[in-house]
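To keep things clear, I will list the structure first and then write my remarks on it.
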Amino acid sequence: MVKLRHYDNDGRARFVTFSAHQRIPILTNSRSRQVIVDSIDESRRRFGFQLAAYVIMPEHVHLVMIPAVEMKMGQVIGEIKRMSSKRIHEFLLQEDNDLIPRLTVRRNGEYRFAFWQKRCYDHNIRSEESLWEKVNYCHYNPVKRGLVKEPEAWEWSSYRWYQGCRDVKLEMDVLVEEKMVPHPTGAKN
Numbered sequence: 312m313v314k315l316r317h318y319d320n321d322g323r324a325r326f327v328t329f330s331a332h333q334r335i336p337i338l339t340n341s342r343s344r345q346v347i348v349d350s351i352d353e354s355r356r357r358f359g360f361q362l363a364a365y366v367i368m369p370e371h372v373h374l375v376m377i378p379a380v381e382m383k384m385g386q387v388i389g390e391i392k393r394m395s396s397k398r399i400h401e402f403l404l405q406e407d408n409d410l411i412p413r414l415t416v417r418r419n420g421e422y423r424f425a426f427w428q429k430r431c432y433d434h435n436i437r438s439e440e441s442l443w444e445k446v447n448y449c450h451y452n453p454v455k456r457g458l459v460k461e462p463e464a465w466e467w468s469s470y471r472w473y474q475g476c477r478d479v480k481l482e483m484d485v486l487v488e489e490k491m492v493p494h495p496t497g498a499k500n
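Take my numbering: the final residue in the sequence shown is number 500, and no numbers are missing along the way.
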């Protein structure tokens, strides 16, 4: 197995995807989705990255982020996954949810709750054009999947923020100085 090399600290935006264990569609309710939003926001404050876009799908999450100097992407994504997994596990236990056995794995001889897959997909964004391709990919992912007809109908993405709405689940950061790029087609300031 070839180990993928990560390039932290190069100042570029990153497109990150992480998925639920066995891609089980468990992010299907407002409660679990809000836990993800809260975990992203808490990690953003703790680690100082900028968030350019996101979408929460039934079994995975996409983020477009600009890392802070000296930030290790694996550590940040690990923290988002750890916080959200712990919180979701707690309310699944309270509900005695029948998904718990499907989300329990044996690792190192112990049974553990495994909400997320171990790894994530991480792509360095090398151009402004690529950045907006990834932002738009996030926004149109629910449409492509047939979850909604228009991206504004999916409240668990950054699309509405780009349309000027400020009553959103998670605010985006204003991209600054050398990272400043024009808004995607159709978006408002």
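Virtual Cβ for every residue (Gly too), placed ideally from N, Cα, C.
Inset, instruction - Please work out which residues of its chain come closer than 6 Å, Cβ to Cβ, to His373, disregarding the five sequence neighbours upstream and downstream, and give them in chain order. - result: Thr328, Val366 and Cys449.
Inset, instruction - Tell me whether Cys476 is buried or exposed, calling it buried when 16 or more other Cβ atoms sit within 10 Å of its Cβ. - result: exposed
Legend entry - Sufficient close CB pairs (3 or more, under 8 Å) joining the stretch 355-369 to the stretch 465-472: yes
Legend entry - Alpha carbon of Val479 to alpha carbon of Ser469, nearest angstrom: It is roughly 8 Å from the alpha-carbon of Val479 to the alpha-carbon of Ser469.
Inset, instruction - Confirm, please, whether the CB-CB distance from His434 to Arg325 is below 9 Å. - result: Against a cut-off of 9 Å, the Cβ pair of His434 and Arg325 comes out as a contact.
Legend entry - Start and end residues, beta strand (DSSP E) containing Leu374: Going by DSSP, Leu374 is part of the beta strand (DSSP E) stretching over His371 to Ile377.
Legend entry - Any C-beta of chain B under 9 Å from that of Arg477: Any reference to chain B falls outside this structure, which holds one protein chain only.
Inset, instruction - Thinking Ile351 and Leu458 are a contact (beta carbons under 8 Å), I'd like their distance in whole angstroms, please. - result: Going by Cβ atoms, the distance from Ile351 to Leu458 rounds to 20 Å, so no, they are not a contact pair.
Legend entry - Cut-off 8 Å between Cβ atoms - residues of its own chain near Arg269, not counting five sequence neighbours on either side: Within the shown structure, residues of the chain are numbered from 312 to 500, placing residue 269 beyond reach of any answer.
Legend entry - Near the ligand MG: Lys480 beta-carbon under 8 Å from a heavy atom: You won't find the ligand MG in this model; it holds no ligand whatsoever.
Inset, instruction - Could you tell me the distance, in whole angstroms, from the CA atom of Val313 to the CA atom of Leu338? - result: Any reading at Val313 must be qualified, since the residue scores a pLDDT of 49, below 50, and its modelled position is unreliable; the value itself is stated next. Between Val313 and Leu338, the C-alpha separation is close to 31 Å.
Legend entry - Secondary structure, beta strand (DSSP E): runs of 3+ residues fully inside the stretch 418-476: 421-424 and 427-435
Inset, instruction - Starting from the Cα of Asp349, find the closest Cα among Arg398, Val454 and Pro336 and give me that residue. - result: Arg398
Inset, instruction - Report buried or exposed for Val380, applying the criterion of at least 16 other Cβ atoms within 10 angstroms of its Cβ. - result: exposed
Inset, instruction - Buried or exposed for Ser395, please, with buried defined as at least 16 other CB atoms from any protein chain shown within 10 angstroms of its CB. - result: With 16 or more other Cβ atoms within 10 Å, it is buried.
Legend entry - DSSP beta-bridge partners of Gln405: Beta-bridge pairing links Gln405 to no other residue.
Inset, instruction - Taking Tyr473 as the reference, give the member of Lys460, Tyr451 and Asn408 with the closest Cα. - result: Tyr451
Inset, instruction - Quickly, what does DSSP pair Thr328 with across the bridge? List them, please. - result: Answer by DSSP bridge pairing, in chain order: His373 and Tyr432.
Inset, instruction - Could you tell me the distance, in whole angstroms, from the CA atom of Gln386 to the CA atom of Ile436? - result: Put simply, the backbone Cα of Gln386 is about 19 Å away from that of Ile436.
Inset, instruction - Compare the C-alpha of Glu353 against each of Gly389, Lys445 and Leu403 and name the closest. - result: Gly389
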